[in-house]
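**Student:** Taken in order, these protein sequences are the chains called A and B. According to the working numbering, the first sequence holds residues 798 to 1068 in order. According to the working numbering, the second sequence holds residues 235 to 675 in order.
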Amino acid sequence: MPLLWLRVATVLYAVGLIHAILMLRQRGERSGKVAAPAVAVGMVFHFVSLYETAALFGLTELLSIRQAESALGLLVALCFTGLYLRYKTASPAAFIFPLIFLLTFASAISQHSVGISSSPIYGGWIVFHVCTLIFGYAMLFLSFVSSLLYLVLSRQLKRKQTSSWAARMPALQEIDELGYRALLIGFPFMTIGLMAGSVVAEERFGAAFVGDPKVLLSLLMWGIYLVLLYTRWSAGWRGRKAAYLASFAFVVSVCAWGANYLSKLHRFVAP
Amino acid sequence: MNFFVLGVNHKTAPVEVRERFAIPEARLPEALGKLTAVDGVEEGMIVSTCNRVEIFARSQKDDCDLQKFVREYFGFQPGEYESYIFEHRKQEAVRHVFRVASSLDSMVVGESQILGQVKEAYATARAMGAVNSQLDQLLTRAFAVAKKVRNETSIATSSVSIASVAVELAEKIFGSLSGKSVYLVGAGKMCELAARHLIAHGAKKIYVGNRTYDRAVALAAKFEGEAIPFDRLYDTAPWADIIISSTGAPHTIFRKEHGEKFLHVRKNRPMFFIDIAVPRDIDPGLNDLDGIFVYNIDDLQQVVQSHIGDRRKEAVRAEAMVDEEVRRFEQRFQTAEVVPTIVSLQQHLENLRQAELDRVRGRLGNLTPEQEMAVEALTRGIINKIMHTPITTLKSAARDPEATTVVDVVRKLFNLRSERAGQEAADADPAAPELIKSGKK
């Protein structure tokens, strides 16, 4: 049943995504009339799916890669809902929905469930590691979307274009603040999440874990996160430069996430 | 539905004619008094603004000589100004009132001022008792239509003046303007106007820089701002989020290198430059810098034009809404005209039923509650069946010109009371039209 609910949620997210894309050039706030309710109902099914998974198979099941992707999707959907309620616009949907859909879709078509191998001693650390990093990833994504929105809106303003999509967007400075706050909130989570992971890896594999591609990519992602924060704080990087850096951080974070499938040490294997 | 609208407006008459018709607010009660004294005028109100002087009236008759009232009130000779005066009757009058209230008839379509002006005129007329019945209903409906048009179309969402577009763009960049600072370079009128708009939207600190320092001081004093000597322009410009420039300088004042310096000082926080000067004060190259947005007078004008175009498109939707509302209003009115007869008919038959029941009750003896209910249901059923055809005929005839004939025939056939008594009955039972509609009564 949890898989069924997840698939229902995926279909609803797809409806929201298609509508958000179709409505990009439409006047008025019509995209919000379908996209936002579709995602809201999707989130309910999504939550039920995760809850049932935990109830049926135990909390450790949520640490499987499929469920972690699913949880990240739900968290990003939650971020969208927060933005929708705060700014009364569904304009960011065209940027956020693809990721929500992809994460949920990947999770919904997965045929088998694999979890992180863990002993009870490290169980708590791993739960902490996964939860904090999922939150860190969501915030990093939010900051990436903010950079893109800033870039697009700023270009439209410079070219003196008055598209209806831009008219519905929050103000440039609000988008900028949003991205910066996401970075500020996400960074500590990313840092302590990686530290928790390092503690477990150190205990299990010794110093060898540092050479693992997953670990290297995660460190690189953290480094870019730090650079993003620093450039923003010290020089107030916005616009193009910030968007390029945030895009790079996003690509690296996708690679770091993808490395879950490749890493020899950081494998999600059947318990 | 004998509504009449007569007057002059920006579409039919130039300002030199409109000003001849203008009625100052203080003289409005007197004019209303004279209007309602005109033969046949039951209710009336006058809307007098800079763009229109219009009389809305209702008469019992099919004709109403408002032209004569206008001639006499303003002291015109017959034929004088006649070509500037427009007149609408019945359905067209209703449509006109709806269009005026919804700002579809305004010079700047979608502007919000007209609704307030019509409301004021209505309040004055109502206070005098010049509007009290059907015209009241028409105006109340017009306000509801105006609200609907505003809420369901984007007719009034975009700015259509240079100063308001400047504010809109600033809000698109900074969000709330609360606490933002504005730098006026040059002390021109347009600068001042734009600054006033920005302040009205929350901008706090105003700096003024002008080659003539005294003029800067004078302008700064108007906004409780700070005058800055012109030689300190480049050091102080980064303090401002919005810079409005309108100097008479023959060359550009702000160039790319200045922009780079400002951004460095401001840690890349965005800046909005509004260049109202011709020749331009701001190098267009400044717009290429990340975080700096430059709009000159043509750019602002272009935005205004695009917004006007948007409003026109929305106006087409709004017109369709008004058409639908006119149709509904007309239908409601026509149905209301036959309601007294329907109510009388229902009461007449109900009285007959009750009288017959009372008459035979003694012969029927003691009835059980079930039997009582059965007799009630039977008699009611018969009455409803008898009433069905006349009511349906009356309701359908309400939409046709022969409504009065049908009403007369029904009244004669059933020997009903006078129209007035029926109207009183309908007034006493406000749910009557709804019950008739649902066929429950």
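For each residue, glycine too, the CB sits at the ideal point set by N, CA and C.
Would you say Phe877(A) and Ala890(A) are within 8 Å of each other, going by their C-beta atoms?
**Tutor:** As a position in the first sequence, residue 877(A) is number 80, starting the count at 1. As a position in the first sequence, residue 890(A) is number 93, starting the count at 1. Against a cut-off of 8 Å, the Cβ pair of Ala890(A) and Phe877(A) comes out as a contact.
**Student:** Using the DSSP secondary-structure output, state which residues sit across from Phe506(B) in a beta bridge.
**Tutor:** For this step, residue 506(B) is matched to residue 272 along the second sequence. Paired residues: Ile476(B) and Phe527(B).
**Student:** Pick out whichever of Arg1037(A), Thr850(A) and Ser995(A) has its Cα sitting closest to the Cα of Trp922(A).
**Tutor:** Position 125 of the first sequence, counted from the start, is the residue given in the question as residue 922(A). It is Ser995(A) whose Cα lies nearest to the Cα of Trp922(A).
**Student:** Under 7 Å Cβ-Cβ, which residues of chain A neighbour Gln536(B)?
**Tutor:** Position 302 of the second sequence, counted from the start, is the residue given in the question as residue 536(B). Near Gln536(B) (Cβ distances below 7 Å), the residues of chain A are Lys957.
**Student:** Could you pull out every unbroken beta strand (DSSP E) segment of at least 3 residues lying fully inside the stretch 243-302 of chain B, listed in chain order?
**Tutor:** Runs found: 275-282 and 286-293.
**Student:** Is any beta-carbon of chain B found at less than 8 Å from that of Gly976(A)?
**Tutor:** Locating residue 976(A) in the first sequence gives position 179, counting from the first residue. No - not a single Cβ of chain B is within 8 Å of the one on Gly976(A).
**Student:** Between the stretch 338-347 of chain B and the stretch 516-529 of chain B, are three or more C-beta pairs nearer than 8 Å?
**Tutor:** No, the stretch 338-347 of chain B does not touch the stretch 516-529 of chain B.
**Student:** So with CB distances below 7 Å, who are the chain A contacts of Asn502(B)?
**Tutor:** Along the second sequence, read from residue 1 onward, the residue named residue 502(B) stands at position 268. Result: Ala1032, Gly1033, Trp1034 and Arg1035.
**Student:** Measuring only the C-alpha atoms, how far is Met987(A) from Leu939(A)?
**Tutor:** Sequence index remark: in the first sequence, residue 987(A) carries index 190 (1-based). Sequence index remark: in the first sequence, residue 939(A) carries index 142 (1-based). Near 14 Å, if we compare the C-alpha coordinates of Leu939(A) and Met987(A).
**Student:** Please determine, among Ser282(B), Leu372(B), Val249(B) and Val512(B), the residue with the shortest C-alpha to C-alpha distance to Glu559(B).
**Tutor:** Within the second sequence, numbered from 1, the residue matching residue 559(B) stands at position 325. Comparing Cα positions, the closest option is Leu372(B).
**Student:** Using C-beta distances below 8 Å, list every residue in its chain close to Ile487(B), excluding the 5 sequence neighbours before and after it, in chain order.
**Tutor:** Counting from one through the second sequence, the residue named residue 487(B) turns up at place 253. Val419, Leu467, Ser479, Thr481, Asp515 and Ile516, listed in sequence order.
**Student:** For Ile516(B), write down the residues that DSSP places opposite it in a beta bridge.
**Tutor:** Locating residue 516(B) in the second sequence gives position 282, counting from the first residue. For Ile516(B), which the question treats as bridged, DSSP gives the partners Phe488(B).
**Student:** Indicate whether Leu803(A) and Ser867(A) have their beta-carbon atoms separated by less than 8 Å.
**Tutor:** On the first sequence, position 6 is the one that residue 803(A) refers to. On the first sequence, position 70 is the one that residue 867(A) refers to. Against a cut-off of 8 Å, the Cβ pair of Ser867(A) and Leu803(A) comes out as a contact.
**Student:** Is Tyr848(A) buried or exposed, if buried means 16 or more other CB atoms sit within 10 Å of its CB?
**Tutor:** Taking the first residue of the first sequence as position 1, residue 848(A) is located at position 51. When all chains shown are included, Tyr848(A) counts as exposed.
**Student:** Please list, in chain order, all residues of the same chain as Ser1050(A) whose beta carbon is under 7 Å from its beta carbon, the five residues on each side excluded.
**Tutor:** Position 253 of the first sequence, counted from the start, is the residue given in the question as residue 1050(A). Within the same chain, Ser1050(A) has close Cβ partners Tyr934, Leu937 and Met1018.
**Student:** May I ask which residues mark the beginning and end of the alpha helix (DSSP H) holding Tyr810(A)?
**Tutor:** On the first sequence, position 13 is the one that residue 810(A) refers to. Where Tyr810(A) is concerned, the enclosing alpha helix (DSSP H) stretches over Pro799 to Leu819.
**Student:** Quick check: Tyr315(B) and Val251(B), are their CB atoms within less than 8 Å of each other?
**Tutor:** Looking up residue 315(B) in the second sequence gives position 81. Looking up residue 251(B) in the second sequence gives position 17. Yes, they are a contact pair.
**Student:** Between the stretch 375-383 of chain B and the stretch 322-338 of chain B, do at least 3 Cβ pairs fall closer than 8 Å?
**Tutor:** Yes, the stretch 375-383 of chain B touches the stretch 322-338 of chain B.
**Student:** Tell me the DSSP secondary structure of Arg500(B) in three-state form.
**Tutor:** To locate residue 500(B), count along the second sequence from 1; it is residue 266. Of the three classes helix, strand and coil, the one that applies to Arg500(B) here is coil, per DSSP.
**Student:** Do Thr575(B) and Asp650(B) come within 8 Å of each other at the CB atom, strictly closer than that value?
**Tutor:** In the second sequence, the residue the question calls residue 650(B) occupies position 416. In the second sequence, the residue the question calls residue 575(B) occupies position 341. The residue you asked about is not Asp; residue 650(B) is Leu in the sequence shown. A contact, by the Cβ cut-off of 8 Å.
**Student:** Quick check: what's the CA-CA separation for Lys957(A) versus Asp475(B)?
**Tutor:** To locate residue 957(A), count along the first sequence from 1; it is residue 160. To locate residue 475(B), count along the second sequence from 1; it is residue 241. Each residue's Cα considered, the two are about 19 Å apart.
**Student:** Taking 8 Å as the threshold (beta carbon to beta carbon), is Asp517(B) in contact with chain A?
**Tutor:** Taking the first residue of the second sequence as position 1, residue 517(B) is located at position 283. No, no contact with chain A.
**Student:** Are the beta-carbon atoms belonging to Val328(B) and Glu564(B) less than 8 Å from one another?
**Tutor:** Translated into the one-based positions of the second sequence, residue 328(B) becomes position 94. Translated into the one-based positions of the second sequence, residue 564(B) becomes position 330. Their beta carbons are under 8 Å apart, which means Val328(B) touches Glu564(B) by this criterion.
**Student:** Does any CB atom of chain B fall closer than 8 Å to the CB of Glu849(A)?
**Tutor:** Along the first sequence, one-based indexing puts residue 849(A) at 52. Judged by the 8 Å Cβ criterion, Glu849(A) is not in contact with chain B.
**Student:** Between Ala400(B) and Ala428(B), which are expected to be in contact by the criterion C-beta below 8 Å, what is the C-beta distance as a whole number of angstroms?
**Tutor:** Along the second sequence, read from residue 1 onward, the residue named residue 400(B) stands at position 166. Along the second sequence, read from residue 1 onward, the residue named residue 428(B) stands at position 194. So it is a contact: roughly 5 Å between Cβ atoms.
**Student:** Could you name the residues that DSSP lists as bridge partners for Ile616(B)?
**Tutor:** Sequence index remark: in the second sequence, residue 616(B) carries index 382 (1-based). Looking at the DSSP assignment, Ile616(B) forms no beta bridge with any residue, so it has no partner.
**Student:** If you drop the 5 nearest sequence neighbours on each side, which residues of the same chain put their C-beta closer than 7 Å to that of Arg654(B)?
**Tutor:** Taking the second sequence and counting its residues from 1, one reaches residue 654(B) at position 420. Low confidence applies to Arg654(B): its pLDDT is 47, below 50, so where it sits in the model is not reliable enough to give any reading.
**Student:** Enumerate, from N- to C-terminal direction, the unbroken alpha helix (DSSP H) stretches of 4 or more residues contained entirely within the stretch 428-461 of chain B.
**Tutor:** As far as the stretch 428-461 of chain B is concerned, its whole alpha helix (DSSP H) runs of at least 4 residues are 447-456.
**Student:** Along chain B, in chain order, which residues have C-beta atoms closer than 8 Å to that of Leu954(A)?
**Tutor:** On the first sequence, residue 954(A) is found 157 positions in, with the first residue counted as 1. Chain B residues near Leu954(A): Leu403, Lys406, Ile407 and Phe527.
**Student:** As a quick exercise: from Leu946(A), Leu800(A), Glu974(A) and Ile1021(A), pick the residue whose alpha carbon is nearest that of Ser907(A).
**Tutor:** By 1-based counting over the first sequence, the position of residue 907(A) is 110. Ranking the options by Cα distance to Ser907(A), first place goes to Leu800(A).
**Student:** Could you check what DSSP says for Arg654(B) in three-state terms: helix, strand or coil?
**Tutor:** As a position in the second sequence, residue 654(B) is number 420, starting the count at 1. Confidence at Arg654(B) is low in this model, with a pLDDT of 47, below 50, so the placement of that residue is unreliable and no value is reported for it.
**Student:** Less than 8 Å between CB atoms is the rule here; does Leu946(A) satisfy it with respect to chain B?
**Tutor:** Stepping through the first sequence from its first residue, residue 946(A) is reached at position 149. Chain B, which has no Cβ nearer than 8 Å to the Cβ of Leu946(A), makes this no.
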